[in-house]
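For reference, the structure is listed below as structure tokens.
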């Protein structure tokens, strides 16, 4: 990864990094509060040789003490030196325990020995330091005794007595907080980078482009109310999702201009990525432009188009394929008369065989003859083969990828399933993208967003749902005559049209003055 990728990770994971820093500071503060304060007292001794008769004696004595001073420094923490200290002060500890609190330092090229004692009591630390210095002088004199005079040539003198410390040396709160901050930052950044490296979910358009050569023809933002209002007609007609579908509509027109069939099979790798709502919203935007569009619910295992659009789903594609109805009987009109819906019909026991049958090919040819665009919602590619069968029949598929849901290897496997079926992907639509992935480019006219709130009905008008129902009974042929009250009421509340110079009747083909929708 480059610097740009690391910066992107920091921006995306800043909250978890900040949490790690806060935790590090809290741990450091807690450790500082719970730690027992300790104090240090320092005493220093000087090692020398008793006066000689000549200068040569003094030089030799100085060289001797220089060689011996390191041994005396090591001797300072021995039990022979510390045991008398324990007895004198009544410490009640072992020499080894006392030695752990005594640090001895011998500065280079000197005959000085520095004794540093650390203890929880400042007064006791000073008394121990002085006592160790005195005990060291006594023990060295005993060890260095020579001759009949039984007098040691080496003399150890205390040149710096210990002073009772007034401030503890630990805990060092400022240092602990700095270490906690650095450790929390390090852990947070490391965890963020590691999480990003181990996360194989597709979260951006760039990750899709790294997996496939198929063009990304659409990027649909995820909004909080998308679950409650999956169709853009129920949300803001000028919101980010609506504009994204208009861009998708334009890109599909370029695909068609390149020689592609007007039939678009919409599928995904896994369920729940938004292929059905994408198909419906795409069809709505195409119909709004004036194109004659039909949505075909070819997901014969878990159909959902009729449920989203509030239409009858018991009669539809499967009814036509088995010859119990014609396309005219099964097709239902939704909204304005430019948009038609062919529901799934009853769920069959053999969906793959029905979708790959000559009857299905004939239905597709007839729909292509009647409509400007045919949008087919089909089953996901990985669980079943229905989508690949239909994609081969239509000459390709449009793959919907749910950002944050689909893993990279799953998209690769879905594309491989199309390749094994002898077809490919016309393009990829990345759905459920965070708004920041689409940037902050918005244009709502003179600086304010239009309200997307539903309002009261206008002149009692509803989007029209002109439907044909087939009610086959036991032992009789299907009838194309709907029962009384066959015209369905709208499943949604209408919205007041945006005020313009010309009026638009809700639910009827719009007539405008001026230019067409700029998409």
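Numbering (our numbering), first residue to last: 272 to 790.
Ideal Cβ placement from N, Cα and C applies to all residues, glycine included.
These numbers come from a predicted model, not from an experiment.
Q: Pick helix, strand or coil for residue 606, following the three-state DSSP scheme.
A: Note: residue 606 maps to coil in three-state DSSP.
Q. At a cut of 8 angstroms, does the region 438 to 455 reach the region 300 to 310 through at least three beta carbon pairs?
A. Touching, yes.
Q) Shortest alpha-carbon distance to residue 704 belongs to which of 437, 497, 454 and 287? A) The shortest Cα separation from residue 704 among 437, 497, 454 and 287 belongs to 497.
**Q.** Bridge partners - residue 535, DSSP secondary structure assignment
**A.** Looking at the DSSP assignment, residue 535 forms a beta bridge with 646.
Q: Quick one: using the 10 Å Cβ neighbour count with 16 as the cut-off for buried, is residue 605 buried or exposed?
A: Burial call: buried.
Q.
Buried or exposed, going by whether 16 or more other CB atoms sit within 10 Å of the CB of residue 620?
A. Residue 620 should be labelled exposed.
Q.
Using only the alpha-carbon positions, how far apart do residue 289 and residue 676 sit?
A. Distance between residue 289 and residue 676, taken at the CA atoms: about 26 angstroms.
Q) Does the distance from the CB of residue 686 to the CB of residue 696 come in under 8 angstroms? A) Cβ distance < 8 angstroms, so residue 686 and residue 696 count as in contact.
**Q.** CB of residue 670 within 8 angstroms of CB of residue 699, strictly
**A.** Going by C-beta atoms, residue 670 is nearer than 8 angstroms to residue 699.
Q | Residue range of the alpha helix (DSSP H) that includes residue 547 | A | Boundaries of the alpha helix (DSSP H) harbouring residue 547: 546 to 559, taken from the DSSP string.
Q | Whole-angstrom distance between residue 614 and residue 523, CA atom to CA atom | A | Using only the alpha carbons, I get a separation of about 23 angstroms.
**Q.** With 16 other Cβ atoms within 10 Å as the buried cut-off, status of residue 394
**A.** Residue environment: residue 394 is assigned as exposed (fewer than 16 neighbouring CB atoms within 10 Å of its CB, all protein chains considered).
Q: Would you identify the three-state DSSP class for residue 662, choosing helix, strand or coil?
A: Three-state result, residue 662: helix.
Q) With contact counted as at least three CB pairs below 8 angstroms, one residue from each stretch, are the region 338 to 350 and the region 448 to 455 in contact? A) No, the region 338 to 350 is not in contact with the region 448 to 455.
Q: May I have the straight-line CA-CA distance separating residue 459 from residue 702, to the nearest angstrom?
A: For the pair residue 459 and residue 702, the Cα-to-Cα distance works out to about 29 angstroms.
Q.
Using DSSP's beta-bridge definition, name the partner residues of residue 376.
A. 385, per the DSSP bridge assignment.
Q. In the DSSP assignment, what are the bridge partners of residue 459?
A. DSSP, once it has assigned bridges, lists no residue as partnering residue 459.
Q.
Assess contact between the region 534 to 546 and the region 581 to 601, defined as three or more Cβ pairs (one per stretch) separated by less than 8 angstroms. Is contact present?
A. No, they do not touch.
Q) Would residue 437 be called buried (16 or more neighbouring beta carbons within 10 Å of its own) or exposed? A) By the 10 Å Cβ count, residue 437 comes out exposed.
Q: Name the one or two DSSP bridge partners that residue 702 has.
A: Partner residues in the beta bridge of residue 702, as assigned by DSSP, are 673.
Q: Verify whether the separation of the beta carbon atoms of residue 791 and residue 292 is less than 8 angstroms.
A: Limits of the chain in this structure are 272 at one end and 790 at the other, which puts residue 791 out of reach.
Q) What did DSSP end up calling residue 570 once you bin it into helix, strand or coil? A) Per DSSP, reduced to three states, the secondary structure at residue 570 is coil, with no helix or strand assignment.
Q. Along the chain, which unbroken stretches of the beta strand (DSSP E) at least 3 residues long are found entirely within the region 409 to 493?
A. Fully enclosed beta strand (DSSP E) runs of 3 or longer: 425 to 431 and 487 to 492.
Q) Is it buried or exposed for residue 503, if we count other Cβ within 10 angstroms and need 16 for buried? A) Burial call: buried.
(Q) Comparing C-alpha positions only, which one of 500, 545, 361 and 487 sits nearest to residue 518? (A) Ranking 500, 545, 361 and 487 by CA distance to the CA of residue 518 puts 487 first.
Q: Kindly indicate the opening and closing residues of the beta strand (DSSP E) around residue 314.
A: That run of the beta strand (DSSP E) goes 310 to 320.
**Q.** Residues of its chain near residue 374, where Cβ-Cβ distance is below 7 angstroms and the 5 sequence neighbours each way are ignored
**A.** Same-chain partners within the cutoff: 387.
**Q.** residue 498 - containing alpha helix (DSSP H), residue span
**A.** Looking at the DSSP string, residue 498 is not in any alpha helix (DSSP H), and its letter there is neither H nor E.
**Q.** For residue 508, the first and last residue of its enclosing alpha helix (DSSP H)
**A.** Counting along the chain, residue 508 falls outside any alpha helix (DSSP H), and DSSP gives it neither H nor E.
Q) Taking buried to mean at least 16 other C-beta atoms within 10 Å of its own C-beta, is residue 545 buried or exposed? A) Buried is the call here.
**Q.** According to DSSP, residues forming a beta bridge with residue 668
**A.** Bridge partners of residue 668: 696.
Q | Element boundaries [alpha helix (DSSP H), containing residue 354] | A | Annotation for residue 354: the continuous alpha helix (DSSP H) segment containing it runs 350 to 360.
Q.
Between residue 648 and residue 568, how many whole angstroms is the CB-CB distance? I'm expecting something under 8 angstroms.
A. About 5 angstroms separates the two Cβ atoms, so the contact holds.
Q. Hey, would you say residue 494 sits closer than 8 angstroms to residue 508, going by beta carbons?
A. Residue 508 sits away from residue 494, with the two beta carbons spaced by 8 angstroms or more.
Q) Under the three-state reduction of DSSP, which class applies to residue 342: helix, strand or coil? A) Correct three-state label for residue 342: helix.
(Q) Is the separation between the beta-carbon of residue 401 and that of residue 368 shorter than 8 angstroms? (A) Cβ distance not < 8 angstroms, so residue 401 and residue 368 don't count as in contact.
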